[in-house]
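Colleague: For the sequence shown, numbering that gives the first Met the number 0 assigns the number 0 to the initial residue and increments by one for each residue that follows.
By construction, the Cβ of each residue, glycine as well, lies at the ideal position given by its N, Cα and C atoms.
These numbers come from a predicted model, not from an experiment.
Okay, handing you the structure first.
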Amino acid sequence: MENGMVENGVCSNESVNGSCGVWSCKDSDSSSADHLVVMVHGILGSATDWKFGAKQFVKGLLCLLIDSLWVGSEHNMSKLTLAGLDVMGQRFTQEVLEVIERKPNLQKISFVAHSVGGLVARYAIGRLYRPSKIENGEDSSADTSSENSRGTIAGLEAINFITVATPHLGSRGISRCHFSLV
Numbered sequence: 000m001e002n003g004m005v006e007n008g009v010c011s012n013e014s015v016n017g018s019c020g021v022w023s024c025k026d027s028d029s030s031s032a033d034h035l036v037v038m039v040h041g042i043l044g045s046a047t048d049w050k051f052g053a054k055q056f057v058k059g060l061l062c063l064l065i066d067s068l069w070v071g072s073e074h075n076m077s078k079l080t081l082a083g084l085d086v087m088g089q090r091f092t093q094e095v096l097e098v099i100e101r102k103p104n105l106q107k108i109s110f111v112a113h114s115v116g117g118l119v120a121r122y123a124i125g126r127l128y129r130p131s132k133i134e135n136g137e138d139s140s141a142d143t144s145s146e147n148s149r150g151t152i153a154g155l156e157a158i159n160f161i162t163v164a165t166p167h168l169g170s171r172g173i174s175r176c177h178f179s180l181v
C-alpha cells in the first residue's frame, strides 16, 4: 500500500494541497486501480470538500469499486474558481492528464461534480474527448464492435458523468450575484 491511512477497509492519502486519493484496501492499492473517478468541487471549494464523500462511496460500494481510484481536483481551489470556466477547464484538463500519466493501469474514467465543478468537468471532457477510429473514417474494416465504435476520454473508456446542482442551462438572476462584478 502507498503511504496513507486505513480506515474500515478504505485507504487514503493526501497531497500537500489537500487533495485526497481514496481507494479500497481490499486486494489492491491505488497503483493497481483501473477506474479513475475524478471529483470536482463547486465555487470557492477545495479538494477536501469531496474527501468524506469519496470515503463513503468506496466504503458503501466496496464490492463494485474494488479497483477504483477516487481523486479530488486540486488545481481550481478557493479563489481560483473565480477565473472563468475556460481557464478552470484548461487547468482541470491538465490535472486529469497528469493523473492518467502517473497511473498507467487506468482503463476507465468517471466524473462526479458539484455546482460549477460540473461545468468545468463538462468543458474538460470536451477537450479530452477522442473520437473513435470509425467516427474519424480511419478504420474501414467491417469490425464495428462496441469497443472500437466508441470515443474515449484521454484514452480511457467513459463510464459515468454525474453532476449535482450544476447550472447546465445557465443561471437566472446573475445580475444579483456579487460574482458578476468580478
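Count the other CB atoms, across all protein chains shown, that sit within 10 Å of the CB of Cys62; report buried if there are 16 or more and exposed otherwise.
Modeller: Residue numbering aside, residue 62 sits at position 63 when the sequence shown is read from its first letter. Model confidence at Cys62 stands at a pLDDT of 46, short of 50, so the residue's coordinates are unreliable and nothing is read from them.
Colleague: Consult DSSP for Ala112 and reduce its assignment to one of helix, strand or coil.
Modeller: What you label residue 112 is simply residue 113 of the sequence shown in a count that begins at 1. In this structure, Ala112 counts as strand in the three-state DSSP scheme.
Colleague: I want to see whether chain C comes within less than 9 Å of Val36, judged by CB atoms only; does it?
Modeller: Of the protein chains in the structure, only one exists, and it is not chain C.
Colleague: Check the C-beta distance from Thr165 over to Gly117 and give it rounded, since I have them as a contact under 8 Å.
Modeller: In the sequence shown, residue 165 corresponds to position 166, counting from 1. In the sequence shown, residue 117 corresponds to position 118, counting from 1. 3 Å between Cβ atoms; contact.
Colleague: Assuming Ile99 is part of the beta strand (DSSP E), what are its boundary residues?
Modeller: As a working note, residue 99 is residue 100 in the sequence shown. Where Ile99 is concerned, there is no enclosing beta strand (DSSP E), although the alpha helix (DSSP H) it sits in stretches over Leu84 to Arg101.
Colleague: Output the distance between the C-alpha atoms of Ser114 and Lys54, rounded to the nearest integer angstrom.
Modeller: On the sequence shown, residue 114 is found 115 positions in, with the first residue counted as 1. On the sequence shown, residue 54 is found 55 positions in, with the first residue counted as 1. Roughly 20 Å between the two C-alpha positions.
Colleague: Consult DSSP for Arg149 and reduce its assignment to one of helix, strand or coil.
Modeller: Residue numbering aside, residue 149 sits at position 150 when the sequence shown is read from its first letter. In the structure shown, Arg149 sits in coil (DSSP, three-state: anything other than H, G, I, E or B).
Colleague: In three-state terms, what does DSSP make of Ser67?
Modeller: The residue labelled residue 67 in the question sits at position 68 within the sequence shown. Collapsing the DSSP output to three states places Ser67 in a strand.
Colleague: Cβ atoms of Ala82 and Ile124: under 9 Å apart, would you say?
Modeller: As a working note, residue 124 is residue 125 in the sequence shown. As a working note, residue 82 is residue 83 in the sequence shown. Not a contact, by the Cβ cut-off of 9 Å.
Colleague: Let's test the definition: count the other Cβ atoms within 10 Å of the Cβ of Gly169 and tell me whether it reaches 16, buried, or not, exposed.
Modeller: Stepping through the sequence shown from its first residue, residue 169 is reached at position 170. Exposed, since its Cβ has fewer than 16 Cβ neighbours within 10 Å.
Colleague: So, Arg129 versus Ile152, is the Cβ gap smaller than 9 Å?
Modeller: As a position in the sequence shown, residue 129 is number 130, starting the count at 1. As a position in the sequence shown, residue 152 is number 153, starting the count at 1. Contact: yes.
Colleague: In angstroms with no decimal places, state the Cα-to-Cα distance between Ala46 and Asp33.
Modeller: Taking the sequence shown and counting its residues from 1, the one referred to as residue 46 is at position 47. Taking the sequence shown and counting its residues from 1, the one referred to as residue 33 is at position 34. Looking at the backbone, the Cα of Ala46 and that of Asp33 are separated by about 21 Å.
Colleague: Would you mind working out which of Gln93, Leu105, Val163 and Ile133 sits nearest Gly154, comparing C-alpha positions?
Modeller: Here residue 154 refers to the residue found at position 155 of the sequence shown. Nearest of Gln93, Leu105, Val163 and Ile133 to Gly154, Cα basis: Leu105.
Colleague: Per DSSP, what kind of secondary structure is Ala164 in: helix, strand or coil?
Modeller: Within the sequence shown, numbered from 1, the residue matching residue 164 stands at position 165. Coil, per DSSP.
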